[in-house]
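Chain order of the listed sequences is C and S.
Heads up, the first sequence is in the numbering used here, so the first residue is 2 and it goes up one at a time.
Heads up, the second sequence is in the numbering used here, so the first residue is 3 and it goes up one at a time.
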Amino acid sequence: MPFIEPRRQHPLGVLILAAQFIFKFAQQFWPALVVGSFGDNVVRNGLLTVGIFVAVSSAYAILYYLRFRFSVEGQVLVLEKGVLRRERLQVPFERIQTIQLYQGPLQQIFRLTGVRVDTAGSSGSELQLVAIRKDEAAELQAILRSTASTTADPGGAEGKGSAFEDEGGQDVLPGGASVERGEDPVVHAPQKELVTLGWGALLKVGLSQNHLRNAFAGLALVLYGLGNVPEQITAWMESLPAIAAPLIGVAFFLLIIPGILLFLMGGIAVSMGTAILKYFNLKSGIGAEGLHAEMGLLRRQAFEVPFARIHLTEWRSNWIRRKFDFETLEVRQAMAESATTGGLRVYLPAMEPTHRALFEAAVYPDLQTTPMLELLPVRRLRWLLWVAAATPTVLFWLVWTAPAAGLATALWLAFTGFTTAQRFGSLRLTAHEDTIVLERGWFWRRRTVLRMAQLQGVEWKRLVFLERRSIGHLVFHTAAGARRFAYVDKVQGHALRDLALNQHHARSSRA
Amino acid sequence: MPTLVDMDVPANSAIDLTQVPQLEALEYTGVSPRYRTLRLLVWALVQCGLTLLVVSPFILKLVFPEQEAFADMEFDFWWIPLGVQATLGLFWLTEEWLGFPRRGYAVRERDITYRSGWFSRSTVTVPYAQIQHLELVQGPVARAFGLKHLKLFTAGGSGNLRIAGLEEGEADRLRTVLDTRSLD
């Protein structure tokens with residue numbers, strides 16, 4: 002079997018490591034670089050400092066490369082690394098959540114591949130190979146995947162193999178070392194094609210991003226890049242004769258609409274750019290046991306996500322995406338205990354209804370059956386939402402006087418009345434045999450799907466005022482984060498909680 | 003599509019919804035009464051400290067009347083910080099007083115439920131199968147009171163549970179129960 006002998010990465014990996022360390026150290030020690038450049042001859046000192054810095058970083062990279070060895074011992078991936086502090090990491094296959102292959106720009110030039118291994122207890126970058134040959138990466142992935150997908154999931158109800166280990170978890174060898182290596186189902190199973198993005202679809206994905214947010218990001222970047230240009234403009238304007246002032250005022254007024262247009266176009270350009278960088282040449286498919294996806298222009302990534310390791314899926318769409326019949330799928334896996342950002346995520350844009358049907362038939366087969374329960378929030382929530390949305394009207398009365406403020410208030414109330422009614426109408430929880438679906442949102446729509454068997458806990462929460470009215474919030478704790486369905490009638494909420502727990506136990510005992 | 007209103011007819015014959023065990027019918031076991039004493043003691047200590055902090059300008063003026071910096075101090079709005087402190091302190095005391103009887107846990111065959119809080123109430127249920135590991139914690143103060151806190155950790159951390167203020171023997175028993183149940 003390959004990888005039994007501890008071995009180093011591909012020799013060209015030194016270059017990639019050097020680039021990484023130079024970048025990383027530059028981020029940390031840039032003040033030292035600036036200070037080092039001071040003196041009589043800034044250019045000479047600066048070059049000297051940078052030279053020393055690059056040399057030290059490269060030497061560190063070489064040491065790191067030489068010390069870094071990886072191997073596979075039985076059912077455990079072993080990494081030895083560390084320049085100053087040596088580490089030996091042992092990762093039992095069954096703890097592996099995802100294996101991600103990626104190619105950054107350097108890897109693409111050298112035709113190498115990086116491998117990132119995520120476990121429920123690590124943040125990911127701890128277990129990373131930066132450069133091995135493409136065929137070796139595929140082989141390593143196949144070996145790691147051979148049991149990772151067939152054995153139990155630490156976050157799932159069935160995952161008893163890993164419970165009650167030491168907190169660190171990674172250094173503990175699996176108790177049952179007798180697990181047989183099965184066929185590798187993910188790689189060899191025939192794949193059903195999911196989304197494949199050509200240029201046309203990529204364009205649509207870019208068009209359906211949040212342009213306003215991207216426009217602001219772009220604007221911030223431009224302002225940062227401009228530096229002192231605004232000051233120069235101010236200085237130039239002050240130097241003009243007084244008679245020009247009204248003309249400039251008119252010119253500015255005329256510039257407002259082109260300015261807004263430019264701003265929006267900038268936003269769209271940023272959206273397009275990021276969409277292309279992220280989703281270029283996206284290919285995805287559904288195998289017998291898992292989801293496969295690869296994407297990206299400068300940094301190409303490939304994911305293999307076993308179905309059992311999917312703890313949460315979220316379908317998001319906005320008005321534009323729905324016009325294209327698109328949804329963005331977000332697949333979430335278990336997150337590390339200390340993580341705040343919430344698990345490993347894979348985003349698949351441009352999922353059409355057929356893709357969604359295909360995906361859900363594979364991951365949540367019971368969604369096709371009639372729901373067992375359906376829950377809607379209490380009517381009170383609609384009024385609460387409206388009251389919350391109406392608070393800005395106070396500002397109108399502070400800024401304007403009676404007729405204008407009254408008109409603005411009426412318009413605002415009408416608008417928010419309509420939007421809150423739509424938002425309220427969109428809230429819905431449906432429970433199938435093993436799946437809970439939470440729907441919310443009107444303009445931006447979100448549909449969250451989670452399995453009852455994978456629930457880490459169910460919570461019934463309420464403030465004392467709500468308790469008196471028999472209203473509360475349901476919170477579903479999953480390994481990929483918590484999701485809330487708020488303002489539910491007590492009797493219905495309790496019925497759903499009891500059902501979810503019952504189904505959870507039924508599933509986990511069957512496994 | 004069936005709703006809960008017409009629930010007497012089960013929507014799906016696989017599971018009879020009326021037969022699903024109900025959590026609401028559970029009897030909760032309260033935590034140790036000594037934990038209430040401990041919490042009230044903490045409350046009193048913190049309140050004393052805060053009050054001291056709030057009235058410290060008065061004291062400084064009384065003790066060092068000849069110091070210029072203190073002599074010039076005016077106390078026109080002395081009641082604001084004191085009022086804020088008293089209100090928050092009373093709210094906290096209410097929470098402790100009314101919330102303590104609500105603290106309790108209930109053990110079922112396959113899950114454990116913990117109930118807590120008066121103002122913000124929460125009832126969390128964690129299936130044994132999802133417990134990644136358990137921790138019994140006892141600080142020096144808790145040791146003096148003969149109490150232990152039990153922490154349950156689940157994957158992802160969002161369902162973590164802390165049952166505070168258990169009697170030592172009870173905590174050990176509960177841990178044993180959870181250990182054996184969750185390994186089944």
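The C-beta atom is built at its ideal place from N, Cα and C for all residues, glycine as well.
No experiment lies behind these values; they were computed from the predicted model shown.
Query, Result
"According to DSSP, Pro7/C sits in a beta bridge with which residue or residues?", "In the DSSP output, where bridge partners are listed per residue, Pro7/C has none listed."
"Do you know offhand how far Asp174/S's Cα is from Asp181/S's?", "10 Å"
"State yes or no: is the beta carbon of Lys462/C nearer than 8 Å to at least one beta carbon in chain S?", "yes"
"By the criterion of Cβ-Cβ separation under 9 Å, what are the contact partners of Met336/C in chain S?", "Ala157, Gly158, Gly159 and Ser160"
"Skipping 5 residues on each side, what residues in its chain have a beta carbon closer than 8 Å to that of Ala548/C?", "The requested residue 548/C does not occur in the structure, where chain C is confined to residues 2 to 512."
"Is the beta carbon of Glu170/S closer than 8 Å to that of Lys150/S?", "yes"
"Does any C-beta atom of chain C lie closer than 8 Å to the C-beta of Trp120/S?", "yes"
"Got a sec: is the Cβ-Cβ distance from Pro129/S to anything in chain C below 8 Å?", "yes"
"Cutting at 6 Å between CB atoms, please list the residues of its own chain near Arg463/C, excluding the five before and the five after it.", "Gly473"
"Are at least three pairs of beta-carbons, each pair with one atom in the stretch 43 to 63 of chain S and one in the stretch 117 to 127 of chain S, less than 8 Å apart?", "no"
"Could you check which residue in Trp320/C, Gln334/C and Leu399/C has the C-alpha nearest to that of Gly159/S?", "Gln334/C"
"By the criterion of Cβ-Cβ separation under 8 Å, what are the contact partners of Thr125/S in chain C?", "Glu460, Trp461 and Lys462"
"Cβ of Ile100/C within 8 Å of Cβ of Glu295/C?", "no"
"By how many angstroms is the C-alpha of Val57/C removed from the C-alpha of Val36/C?", "17 Å"
"On the premise that Thr31/S lies in contact with Gly106/S, defined as a C-beta separation below 8 Å, what is that separation, rounded to the nearest angstrom?", "6 Å"
"State the Cα-Cα distance for the pair Ala351/C and Glu6/C, rounded to the nearest angstrom.", "43 Å"
"CB Leu100/S to CB Val126/S, shorter than 8 Å?", "no"
"Check whether the Cβ atoms of Val196/C and Leu349/C sit closer than 8 Å, and answer yes or no.", "yes"
"Can you tell which of Leu256/C, Glu81/C, Val476/C and His506/C has its C-alpha closest to the C-alpha of Leu430/C?", "Val476/C"
"Suppose contacts are defined by Cβ-Cβ distances below 8 Å. Is Ala358/C in contact with Phe308/C by that definition?", "no"
"Report yes or no: is there a C-beta of chain C within less than 8 Å of the C-beta of Gln24/S?", "yes"
"DSSP state of Val126/S, grouped into three classes?", "strand"
"Considering only their Cβ atoms, is the gap separating Val459/C from Arg498/C smaller than 8 Å?", "yes"
"Strictly below 9 Å CB to CB, what residues from chain C border Arg112/S?", "Leu502, His505, His506, Ser509 and Ser510"
"DSSP on Met336/C, reduced to helix/strand/coil?", "coil"
"Please confirm if Gly482/C has its CB atom under 8 Å from at least one CB of chain S.", "yes"
"Going by other Cβ atoms of all chains shown within 10 Å of its Cβ, with 16 needed for buried, is Ala164/C buried or exposed?", "Residue confidence for Ala164/C is low, a pLDDT of 32 falling below 50, so the modelled location carries little weight and cannot support an answer."
"When DSSP labels each residue in this structure, what does Pro307/C get in the three-state scheme?", "strand"
"Residues in its own chain within less than 7 Å of Leu84/S by CB, not counting five upstream and five downstream?", "Val56"
"Report buried or exposed for Ile114/S, applying the criterion of at least 16 other Cβ atoms within 10 angstroms of its Cβ.", "buried"
"Can you check which of these residues, Val79/C, Val347/C and Ala409/C, is closest to Leu102/C by C-alpha distance?", "Val347/C"
"In or out: Ser122/S buried (at least 16 other Cβ within 10 Å) or exposed?", "exposed"
"Closer than 7 Å, Cβ to Cβ, to anything on chain S: give me those residues from the stretch 467 to 479 of chain C, in chain order.", "Glu468, His478 and Thr479"
"Could you tell me the boundaries of the alpha helix (DSSP H) in which Gly91/S lies?", "Trp81 to Gly101"
"Val465/C touches chain S at which residues, Cβ-Cβ below 8 Å?", "Trp120, Phe121, Ser122 and Arg123"
"Whole angstroms are fine: how far does the CA of Val33/S sit from the CA of Leu40/S?", "12 Å"
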